[in-house]
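Read through the structure below, which is laid out as structure tokens, and then see the notes.
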Ligand SMILES: Cc1cc2nc3c(=O)[nH]c(=O)nc-3n(C[C@H](O)[C@H](O)[C@H](O)COP(=O)(O)OP(=O)(O)OC[C@H]3O[C@@H](n4cnc5c(N)ncnc54)[C@H](O)[C@@H]3O)c2cc1C
């Protein structure tokens with residue numbers, strides 16, 4: 001390939017692919033350089049007979065149009081559609097018992113009625129009424145309509161008439177969700193439930209989770225026809241659609257191409273050096289790697305103040321993983337997801353106190369061979385990196401600790417499927433070291449632990465000329481919809497205001 005291009009994107013996470021796709025669509029020559037042999041970053045799929053998922057299990061807003069999900073908007077802009085299986089129910093194993101909690105207000109209210117009685121139901125309904133205008137305000141200002149770097153308030157004023165009815169609710173959008181919950185929810189079960197959802201979304205309890213993100217989630221989940229969407233083929237299918245959309249517009253994805261260093265000319269980023277020594281020059285460089293990894297690529301002596309500030313970004317904890325392939329015989333009613341919490345008193349972010357279990361083959365049998373299921377379980381961003389950092393992979397001490405720490409999954413799974421161990425023909429346990437190795441993230445972290453109470457995530461521009469960032473280290477934050485939006489924000493900045501306006505017009509948002 002040529003050693004000169006318009007834009008280099010470092011990393012093929014969802015943020016990087018959304019950015020690359022929109023830039024290619026806008027006529028730029030784009031090369032996405034990915035260290036791993038598979039694209040998708042945290043959202044990659046692997047395996048040939050069983051189709052294993054590395055990360056996300058909860059997807060929404062992909063199966064219908066219009067959609068407020070930035071990923072759905074970008075896929076549409078790239079002319080790509082996804083086949084999804086919609087569903088409403090999932091299970092929880094809480095200290096209160098094993099329950100089915102559906103998406104949607106009525107299903108959830110029925111659970112609350114049974115567990116906590118009519119007063120708690122009334123409290124919840126009142127909370128939903130409070131959230132409605134906040135969700136409407138968040139919807140009125142789509143993330144793809146924002147301009148990077150510009151004052152959000154100024155942009156609100158620019159959208160003028162459209163946003164005036166939402167002005168009162170707008171003040172909540174930039175802050176944390178916790179104070180809203182404190183003001184309106186007293187029932188311990190409702191508070192624990194909200195705290196759990198916050199943690200699953202942001203890696204932080206409700207005091208640190210952004211109010212706009214949560215209001216949007218509740219706005220969507222509690223609509224009368226609300227559902228979740230599992231993309232057929234899993235994360236791999238989503239990633240393949242983004243890659244197809246980018247390549248159809250002339251963009252290029254290069255796998256097994258780890259960037260070793262940024263090339264600088266004075267105070268400007270001008271390209272990258274790959275691990276094999278190859279140099280590629282570009283007018284624009286976008287890093288989809290996390291903030292700590294991005295700083296490691298920068299030669300010393302540039303943007304020192306920014307660098308020092310961002311180096312000290314606190315990190316969310318890491319993950320334990322379990323991947324299984326197992327005999328499905330006689331297991332007709334398995335839920336797609338089960339979320340387990342051991343003890344509310346320990347706090348939602350306590351180690352090995354929460355796990356998410358997904359069995360995607362329940363909805364998409366093609367994810368596993370006939371008569372079998374594929375399972376991914378993880379402890380969400382609550383595994384301390386410090387327990388693992390000194391250990392050598394495959395050493396006896398590592399293997400022993402892995403077995404001990406991953407026993408949490410088996411204890412929960414045996415409550416669901418007592419003979420699960422005998423049914424398995426594939427068992428893979430993963431640790432923060434595995435997570436770092438395959439996802440290429442600093443210390444196996446979920447992303448920056450930046451509480452919403454301290455402000456918004458850092459924007460996509462950097463003080464280094466020619467260098468942008470997208471993905472979970474940038475505004476609006478962690479999770480599939482936010483990282484997709486961050487990729488679009490970078491593309492807008494590079495392509496210009498006119499192109500952004502045209503895109504919004506075409507999408508009707
Ligand atoms: C277990 C788990 C479950 C999750 N569940 C959900 C969920 O249910 N719903 C949801 O919305 N979100 C979920 N998330 C969060 C979501 O998946 C991530 O926030 C999102 O995918 C991160 O995307 P990103 O654009 O930041 O890039 P990343 O996924 O971090 O990808 C960055 C890419 O850059 C590459 N890279 C790094 N350094 C270099 C280099 N030097 N050279 C070349 N390439 C490099 C990496 O290999 C990687 O492919 C989950 C995450 C995990 C880990």
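Numbering (our numbering), first residue to last: 1 to 509.
Note that the Cβ used here is the ideal one computed from N, Cα and C, for glycine as well.
All figures in this text were calculated on a predicted structure; none of them were measured in a lab.
In its own chain, which residues sit with a C-beta less than 7 Å from the C-beta of residue i, not counting the 5 before and 5 after it?
i, result
"residue 388", "431, 432 and 433"
"residue 227", "86, 87, 88 and 103"
"residue 406", "320, 322 and 429"
"residue 243", "17, 39 and 253"
"residue 73", "67, 144, 507 and 509"
"residue 205", "195, 198, 199, 348 and 349"
"residue 3", "279, 280 and 281"
"residue 485", "70, 143, 144 and 476"
"residue 478", "202, 203, 446, 447 and 472"
Using a Cβ-Cβ cutoff of less than 8 Å, which residues in the same chain neighbour residue i once the five nearest sequence positions on both sides are dropped?
i, result
"residue 362", "334, 335, 336 and 373"
"residue 200", "58, 339, 356 and 380"
"residue 96", "115 and 189"
"residue 37", "255 and 256"
"residue 391", "397, 398, 401 and 433"
"residue 354", "196, 199, 339, 340, 341, 342, 348, 379, 380 and 382"
"residue 412", "93, 338, 340, 355, 357 and 377"
"residue 367", "50, 51, 233, 234, 360, 361 and 374"
So, at 6 Å on beta carbons, what are the nonlocal neighbours of residue i in its own chain, with the 5 sequence-adjacent residues on each side left out?
i, result
"residue 547", "Since the displayed the chain opens at 1 and closes at 509, residue 547 lies outside it and no answer follows."
"residue 28", "6 and 7"
"residue 283", "6"
"residue 402", "429 and 431"
"residue 351", "382"
Based on Cα-Cα distance, which residue from the options lies nearest to residue i?
i, options, result
"residue 222", "304, 125, 176 and 242", "125"
"residue 30", "271, 241 and 170", "271"
"residue 53", "378, 393 and 403", "378"
"residue 476", "498, 218, 141 and 258", "141"
"residue 327", "370, 410 and 352", "370"
"residue 258", "473, 446 and 441", "441"
"residue 383", "290, 435, 265 and 121", "435"
"residue 123", "182, 163 and 172", "182"
"residue 256", "34, 419, 14 and 500", "34"
"residue 452", "208, 41, 324 and 503", "208"
"residue 217", "419, 173 and 492", "173"
"residue 163", "136, 81 and 179", "136"
"residue 260", "267, 294 and 290", "294"
"residue 439", "352, 360, 364 and 289", "289"
"residue 180", "314, 212, 490 and 448", "212"
"residue 55", "360, 417, 493 and 455", "360"
"residue 463", "76, 111, 269 and 444", "269"
"residue 314", "291, 13, 51 and 324", "291"
"residue 49", "325, 266, 415 and 418", "325"
"residue 456", "132, 177, 416 and 317", "177"
Taking the C-alpha atoms as reference points, what is the distance between residue i and residue j?
i, j, result
"residue 187", "residue 118", "11 Å"
"residue 249", "residue 488", "16 Å"
"residue 496", "residue 459", "17 Å"
"residue 386", "residue 214", "30 Å"
"residue 134", "residue 170", "7 Å"
"residue 286", "residue 468", "5 Å"
"residue 482", "residue 471", "8 Å"
"residue 129", "residue 167", "17 Å"
"residue 175", "residue 450", "12 Å"
"residue 79", "residue 421", "44 Å"
"residue 32", "residue 11", "6 Å"
"residue 101", "residue 443", "33 Å"
"residue 512", "residue 474", "No answer is possible for residue 512: it lies beyond the span of the chain, which begins at 1 and ends at 509."
Following a CB-centred definition, is residue i positioned closer than 7 Å to any heavy atom of ligand 2?
i, result
"residue 69", "What this structure holds is ligand 1, not ligand 2."
Within the chosen definition, does the region 56 to 64 reach the region 78 to 86 through at least 3 CB pairs nearer than 8 Å? Yes: the two stretches touch, three or more of their Cβ pairs being nearer than 8 Å.
Which runs of the beta strand (DSSP E) at least 3 residues long sit entirely within the region 365 to 392? Give them in chain order. Runs of the beta strand (DSSP E) inside the region 365 to 392: 372 to 378.
If we count Cβ pairs, one from each stretch, closer than 8 Å, do we get three or more for the region 191 to 206 versus the region 230 to 237? At 8 Å Cβ cutoff, the stretches do not touch.
Any 3 or more C-beta pairs closer than 8 Å across the region 20 to 28 and the region 313 to 332: Result no; under three Cβ-Cβ pairs closer than 8 Å.
For the region 29 to 46 and the region 235 to 250, state whether three or more C-beta atom pairs, one from each stretch, are separated by less than 8 Å. Short answer: they touch.
Check whether the region 286 to 300 touches the region 410 to 426, taking contact to mean three or more Cβ pairs, one atom from each stretch, closer than 8 Å. Segments in contact, no.
Quick one: which unbroken beta strand (DSSP E) runs of 3-plus residues sit fully inside the region 97 to 130? Chain order, please. Counting only runs of 3 or more, we get 97 to 102.
Can you list the alpha helix (DSSP H) stretches of 4 or more residues lying completely in the region 216 to 283, in chain order? Complete alpha helix (DSSP H) runs here, min 4: 235 to 248.
Any alpha helix (DSSP H) of 4 or more consecutive residues that is wholly inside the region 277 to 336: Fully contained in the region 277 to 336 are the following alpha helix (DSSP H) runs of length 4 or more, in chain order: 291 to 297 and 304 to 311.
So within the region 7 to 66, which uninterrupted beta strand (DSSP E) runs reach at least 3 residues, ignoring any that extend past its ends? As far as the region 7 to 66 is concerned, its whole beta strand (DSSP E) runs of at least 3 residues are 30 to 33.
Give, in chain order, every unbroken run of the beta strand (DSSP E) that is at least 3 residues long and sits entirely within the region 128 to 212. Fully enclosed beta strand (DSSP E) runs of 3 or longer: not present.
To test your reading of the DSSP string, which unbroken beta strand (DSSP E) runs of 3 or more residues are found completely within the region 431 to 469? Runs found: 467 to 469.
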